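The structure appears right after this line, and notes come after that.
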Amino acid sequence: MHALPAAPAPPARRQVFVGTALGGAAALMLTGGMLGIWILMRERSIAATDTWVPDDVTVPEVPTNVMLIGVLSLLVFAQWTVYAAKRKERLNVGLALGVVALFAVAIINAQAFVYSQMAMDVTEGGYPGMFYAVTGVSTALFIIGLVFTAITAFRFLGGRLDDQELVAAHALYWYVVAIAFSAVWLLVYVTK
Amino acid sequence: MSTTDLAPEHVPSADASTERAPSTIGAPLVVAETVISASDAKVIGRSFVGASLLVLLATTAVGALLGAERIGGEGAFLDAGAVPQLFAGFRVGMVYGVMIPLLLGIAVAIVPLQVGARSLAFPRLAAAGFWAWVGGIVLIVISLANNGGPSGGNSKMVDLFLAAHGLVVVGLTAAALSVATTVLTTRAPGMRMSRVPFFSWSVLIASIGLLLALPVVLGALIFLYVDHRYARAFFGGNEGVTEWIGFALTQPATYLFALPAIGIAAELVPVTLRTRMPLRGGVIVGLGLVGVAALAAVTQQAGFDVPWAGSNLSLDGLSDKLADLVPYALFTLLPMLGVLIVMGLGALAAKPGPDRARPRITAAFLFAFFGMGMIFVGMVGGALTPIVDLGLQGTVFEEGAFVYVAYGTVLGGLGGILYWAPKSTGRVVAEKPALGLALLGVLATILASLPYYAAGLFDQPAGSAIFDYDGPHALWNLAVTAGHALMALVVFASLGLVVRSARHGDLVGDDPWGGQTLEWLTTSPAPVVNFAETPTVMSPEPVFDVRGANAGAETGER
Numbered sequence: 007m008h009a010l011p012a013a014p015a016p017p018a019r020r021q022v023f024v025g026t027a028l029g030g031a032a033a034l035m036l037t038g039g040m041l042g043i044w045i046l047m048r049e050r051s052i053a054a055t056d057t058w059v060p061d062d063v064t065v066p067e068v069p070t071n072v073m074l075i076g077v078l079s080l081l082v083f084a085q086w087t088v089y090a091a092k093r094k095e096r097l098n099v100g101l102a103l104g105v106v107a108l109f110a111v112a113i114i115n116a117q118a119f120v121y122s123q124m125a126m127d128v129t130e131g132g133y134p135g136m137f138y139a140v141t142g143v144s145t146a147l148f149i150i151g152l153v154f155t156a157i158t159a160f161r162f163l164g165g166r167l168d169d170q171e172l173v174a175a176h177a178l179y180w181y182v183v184a185i186a187f188s189a190v191w192l193l194v195y196v197t198k
Numbered sequence: 053m054s055t056t057d058l059a060p061e062h063v064p065s066a067d068a069s070t071e072r073a074p075s076t077i078g079a080p081l082v083v084a085e086t087v088i089s090a091s092d093a094k095v096i097g098r099s100f101v102g103a104s105l106l107v108l109l110a111t112t113a114v115g116a117l118l119g120a121e122r123i124g125g126e127g128a129f130l131d132a133g134a135v136p137q138l139f140a141g142f143r144v145g146m147v148y149g150v151m152i153p154l155l156l157g158i159a160v161a162i163v164p165l166q167v168g169a170r171s172l173a174f175p176r177l178a179a180a181g182f183w184a185w186v187g188g189i190v191l192i193v194i195s196l197a198n199n200g201g202p203s204g205g206n207s208k209m210v211d212l213f214l215a216a217h218g219l220v221v222v223g224l225t226a227a228a229l230s231v232a233t234t235v236l237t238t239r240a241p242g243m244r245m246s247r248v249p250f251f252s253w254s255v256l257i258a259s260i261g262l263l264l265a266l267p268v269v270l271g272a273l274i275f276l277y278v279d280h281r282y283a284r285a286f287f288g289g290n291e292g293v294t295e296w297i298g299f300a301l302t303q304p305a306t307y308l309f310a311l312p313a314i315g316i317a318a319e320l321v322p323v324t325l326r327t328r329m330p331l332r333g334g335v336i337v338g339l340g341l342v343g344v345a346a347l348a349a350v351t352q353q354a355g356f357d358v359p360w361a362g363s364n365l366s367l368d369g370l371s372d373k374l375a376d377l378v379p380y381a382l383f384t385l386l387p388m389l390g391v392l393i394v395m396g397l398g399a400l401a402a403k404p405g406p407d408r409a410r411p412r413i414t415a416a417f418l419f420a421f422f423g424m425g426m427i428f429v430g431m432v433g434g435a436l437t438p439i440v441d442l443g444l445q446g447t448v449f450e451e452g453a454f455v456y457v458a459y460g461t462v463l464g465g466l467g468g469i470l471y472w473a474p475k476s477t478g479r480v481v482a483e484k485p486a487l488g489l490a491l492l493g494v495l496a497t498i499l500a501s502l503p504y505y506a507a508g509l510f511d512q513p514a515g516s517a518i519f520d521y522d523g524p525h526a527l528w529n530l531a532v533t534a535g536h537a538l539m540a541l542v543v544f545a546s547l548g549l550v551v552r553s554a555r556h557g558d559l560v561g562d563d564p565w566g567g568q569t570l571e572w573l574t575t576s577p578a579p580v581v582n583f584a585e586t587p588t589v590m591s592p593e594p595v596f597d598v599r600g601a602n603a604g605a606e607t608g609e610r
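So the sequences go chain by chain: A and U.
Heads up: the first sequence begins at 7 in the working numbering, then just goes up one per residue.
Heads up: the second sequence begins at 53 in the working numbering, then just goes up one per residue.
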């Protein structure tokens, strides 16, 4: 009687990393789709009324530029977690994850500061609603990233030192967020 | 151990029985507890399939109601405000309530078995996706029932519709992510991507397409929700809903949702013909070409204007014409070519040979084969609609194409349910009544859609129950009504047949159909961990090979 040879159950091939990559692609499509509509509505609005950002609204540039610098700096520390995890340097992983979380909190705080500085009423015209929608999604990505960082920290510092895949997936997620935020920064905060 | 694996103490042993200990809380509560807390892919998949079939019953009833409303062309018995809600309900119900979840549900249950995995990747994510989808669908029904869909007059209910729509999209995206990761990361040893079964391939392409397309829909929904709730300045308020999310509810985006149904047909052709599929790579290319429709959703491409004859063919404004023709060819013609390739290679497999066993036509095959045919006819309609000179835009011709694709997908899904039922219940669905239902399903699809191809040529307007034109519109709309009603009957009967067979059907062995792929290696029904021992795969048709080797050994012994 012939049968297929049995094999030991193989370890899943970087399941969390691949899942994060696919989820990251979805996050980029969400941001990209929204920015596509943003560009279209901006073009229509300027063609129809010659205005896009309401006259009484000023987009604060300093905190938004700092946010971008913060995101790019965060990537260095996210990559440091991967470097340290490969060498099983628990202390360094913990330190790097802590700094990543700190940067994420700072960026979310900066976003809240931008909202308070702009003081736009969402009910006044189309621009405020679109602004809050795009930047709200971007902030949600940061909050998800913060949760991801916390989970990674609990898992790795809890003793699962062999779980380097999770740390790599965590870093990948922050790269995705950085790409998404860079596009938002360019179109919403710089080009306006 | 991967991060997402269950801890060893929580993984049932390979020989663990799937039967549960007697409960003191009653069978219905046990079932509810099983479904709510499920992390077994087969339970999650069955939940998706069962719920989407219930939505299908409701949606076909809405289709029949709309057909009846249009028989006289004067708006017979429905309130004028309710008609747009029902049109929206039919579209949204078919796409987000039936086409995507039905096939995703089958995929969630079957793909891990097909690729030789012990479990689905991220099963709790898929379960969360199911509950988000169910919750969203219930809220959509509530909003539509309260005049809240596109063009609805109740603004709070329109807000609810948009939020619920978003919940549905998030749920389906979660399930798609789970399935795509399963194919990419949990394959058995030796199962290279070129050896992945056709259904799993089609699901992988469709899932990645959904992961790219559905977030774009979600982005539009977020803008619509914020604008509609707070300002109503940019997106046209309730009237603008269809304009901004309609691209996902029509051709060519629907081809992406139908893709796994074509994968089911491709899976069943070699099993029915009892041979290997020739040029496997060609079939995979064909499935990939259908998946190109994902780009239509990503680019929010709902319609084209394609010049065809007369002065439109002059070279003036050539770049504008190319701007129409390129997406037309890319999104509309390539998927058709893909289905043609799958059909052509299937026909090649049917080529008679000296040592060929007789084909075994099953109800599952008929469902899937005709389903693919119906989808193709819908694609032809979808390719004709944009041609400006035919004057079909804005007519029910497009609706006919949509129904062809949607009901073709349903037929394919029913074929998949019948084919893989033994892996879920250990029993086969009675063949004779199922064969009759397959043929009735084809008749229902043709009745519900073909008359609209004819009525579209006579300019019956889309999305309206009030019209006046020369032509037997009463007959056509009556036929459409009968078609939807018949489809409801077929679905109801199929559901009853499957449930009855699950209790009283014939018990079967592990491989009742002479299958070729890994799921037929394990027991029927499949255990929680899918396989007692993880098999090593050495060809695209491992079970076919084993069967052939055993037959050869028996012949040698004699």
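C-beta: ideal position from N, C-alpha, C; glycine also.
None of these values were measured; they are calculated from a predicted model.
Within 8 Å, do at least three Cβ pairs link the stretch 270–290 of chain U to the stretch 238–256 of chain U? no
Within 10 angstroms of the Cβ of U/Y521, are there 16 or more other Cβ atoms? Answer buried if so, exposed if not. Along the second sequence, read from residue 1 onward, the residue named residue 521 of chain U stands at position 469. Exposed, by the Cβ-count rule.
When you check each C-beta in the stretch 252–283 of chain U against every C-beta of chain A, which residues fall closer than 7 Å? L263, L264, P267, V268, L270, G271, A272, I274, F275, V278, D279, Y282, A283
Cβ pair count under 8 Å reaching 3, the stretch 281–299 of chain U against the stretch 178–192 of chain U: no
So, at 8 Å on beta carbons, what are the nonlocal neighbours of A/L46 in its own chain, with the 5 sequence-adjacent residues on each side left out? The residue labelled residue 46 of chain A in the question sits at position 40 within the first sequence. Excluding positions up to five away in sequence, the list is empty.
Terminal residues of the continuous alpha helix (DSSP H) containing A/T26? Position 20 of the first sequence, counting from 1, holds the residue named residue 26 of chain A. Taken as a continuous stretch (DSSP letters only), the alpha helix (DSSP H) holding A/T26 covers 21–55.
Sequence-distant residues of its chain with Cβ nearer than 6 Å to U/W472 (five each side left out): Counted from its first residue, the second sequence places residue 472 of chain U at position 420. Counting only Cβ-Cβ distances below 6 Å, and skipping sequence neighbours, we find I162.
Kindly list the residues whose CB is nearer than 6 Å to the CB of A/A184, restricted to its own chain and excluding five residues on each side of it in sequence; keep chain order. Here the question's residue 184 of chain A lines up with position 178 in the first sequence. V77, L81, listed in sequence order.
Close-in-space but distant-in-sequence residues of the same chain around U/D67 (CB under 8 Å, 5 per side omitted): Start at 1 with the first residue of the second sequence, and residue 67 of chain U comes out as number 15. Here the model assigns U/D67 a pLDDT of 47, short of 50, so the residue's position is not dependable, and the following value carries that caveat. Closer than 8 Å at the Cβ level, and outside the excluded window around U/D67, lie P579, A584.
Please classify U/L559: does DSSP put it in a helix, a strand, or coil? Position 507 of the second sequence, counted from the first residue, corresponds to residue 559 of chain U. Residue state, collapsed to three classes: strand.
Give me the DSSP bridge partner(s) of U/E126. Locating residue 126 of chain U in the second sequence gives position 74, counting from the first residue. In DSSP, U/E126 forms a bridge with U/I518.
Cut-off 8 Å between Cβ atoms - residues of its own chain near A/V72, not counting five sequence neighbours on either side: Position 66 of the first sequence holds residue 72 of chain A. Result list for A/V72: A116, in chain order.
Can you tell me whether DSSP reads U/P485 as helix, strand or coil? Looking up residue 485 of chain U in the second sequence gives position 433. U/P485 falls in the helix class under three-state DSSP.
U/S230 lies in the alpha helix (DSSP H); which residues open and close that run? By 1-based counting over the second sequence, the position of residue 230 of chain U is 178. 207–237 is the span of the alpha helix (DSSP H), which, as asked, contains U/S230.
Interface partners of U/F174 on chain A, CB under 8 Å: Stepping through the second sequence from its first residue, residue 174 of chain U is reached at position 122. Q21, G25, listed in chain order.
Boundaries (first-last residue) of the alpha helix (DSSP H) holding A/A9: Counting from one through the first sequence, the residue named residue 9 of chain A turns up at place 3. No alpha helix (DSSP H) contains A/A9, which DSSP labels as neither H nor E.
Do U/S104 and U/P153 have their C-beta atoms within less than 9 Å of each other? Position 52 of the second sequence, counted from the start, is the residue given in the question as residue 104 of chain U. Position 101 of the second sequence, counted from the start, is the residue given in the question as residue 153 of chain U. The answer is yes: Cβ separation under 9 Å.
According to DSSP, is U/I439 helix, strand or coil? On the second sequence, residue 439 of chain U is found 387 positions in, with the first residue counted as 1. If DSSP states are grouped into helix, strand and coil, U/I439 belongs with the strands.
I want to see whether chain U comes within less than 9 Å of A/M136, judged by CB atoms only; does it? Position 130 of the first sequence, counted from the first residue, corresponds to residue 136 of chain A. Closer than 9 Å: yes.
Helix, strand or coil for U/G581, going by three-state DSSP, please let me know. In the second sequence, residue 581 of chain U corresponds to position 529, counting from 1. Per the sequence shown, the amino acid found at residue 581 of chain U is Val instead of Gly. Coil.
Beta-carbon neighbours of U/E585, restricted to chain A and to distances below 7 Å: The sequence position of residue 585 of chain U within the second sequence is 533, counting from 1. Within 7 Å Cβ-Cβ: A12.
Please classify U/T86: does DSSP put it in a helix, a strand, or coil? Your numbering for residue 86 of chain U matches position 34 in the second sequence. Here U/T86 sits in helix by DSSP.
Three-state secondary structure assigned by DSSP to A/V190: On the first sequence, position 184 is the one that residue 190 of chain A refers to. Here A/V190 sits in helix by DSSP.
What is the residue span of the alpha helix (DSSP H) that U/Q352 lies within? What you label residue 352 of chain U is simply residue 300 of the second sequence in a count that begins at 1. Where U/Q352 is concerned, there is no enclosing alpha helix (DSSP H), given that its DSSP letter is neither H nor E.
Partners in chain U for A/L192, counting only beta-carbon separations shorter than 9 Å: Here the question's residue 192 of chain A lines up with position 186 in the first sequence. By Cβ distance, chain U contributes nothing, its closest Cβ being about 17 Å from A/L192, past 9 Å.
Give, in chain order, every unbroken run of the alpha helix (DSSP H) that is at least 4 residues long and sits entirely within the stretch 261–332 of chain U. 293–297, 305–325
Is the beta carbon of A/A189 less than 9 Å from the beta carbon of U/P267? Taking the first sequence and counting its residues from 1, one reaches residue 189 of chain A at position 183. Taking the second sequence and counting its residues from 1, one reaches residue 267 of chain U at position 215. No, these two residues do not count as a Cβ contact at 9 Å.
Give every residue of the same chain whose Cβ lies closer than 6 Å to the Cβ of U/E71, excluding the five residues on either side of it in the sequence, and list them in chain order. Locating residue 71 of chain U in the second sequence gives position 19, counting from the first residue. Caution is warranted here: a pLDDT of 48 is assigned to U/E71, below 50, making its placement in the model unreliable, and no coordinate value can be reported.
Reference A/R161, options A/T145, A/R96, A/G39, A/Q85, closest by Cα: Counting from one through the first sequence, the residue named residue 161 of chain A turns up at place 155. For the residues A/T145, A/R96, A/G39, A/Q85, the minimum Cα distance to A/R161 belongs to A/R96.
Looking only at its chain, what residues have a beta carbon closer than 8 Å to the beta carbon of U/V350, apart from the 5 residues adjacent to it on each side? Locating residue 350 of chain U in the second sequence gives position 298, where the first residue counts as 1. Result list for U/V350: L264, A265, V268, in chain order.
Any idea which residues DSSP pairs U/T586 with across the strands? Translated into the one-based positions of the second sequence, residue 586 of chain U becomes position 534. In the DSSP output, where bridge partners are listed per residue, U/T586 has A/A13.
Can you tell which of A/P69, A/I157, A/V59 has its C-alpha closest to the C-alpha of A/E130? Within the first sequence, the letter at position 124 stands for residue 130 of chain A. The candidate whose alpha carbon is nearest that of A/E130 is A/V59.
For U/M590 and chain A, any beta-carbon pair shorter than 9 Å? As a working note, residue 590 of chain U is residue 538 in the second sequence. Chain A contact via Cβ: present.
What does DSSP give as the partner residue(s) for U/T569 in the beta ladder? For this step, residue 569 of chain U is matched to residue 517 along the second sequence. Bridge partners of U/T569: none, in fact.
Under 7 Å from the C-beta of A/L28: neighbouring residues of chain U: Position 22 of the first sequence, counting from 1, holds the residue named residue 28 of chain A. Residues of chain U passing the Cβ test: L229, A232, T233, L263.
Coarse secondary structure for U/H62, derived from DSSP in three states: Against the second sequence, residue 62 of chain U aligns to sequence position 10. With a pLDDT of 44 at U/H62, under the threshold of 50, the predicted position of this residue should be treated as unreliable, though the coordinate-derived value follows. Of the three classes helix, strand and coil, the one that applies to U/H62 here is helix, per DSSP.
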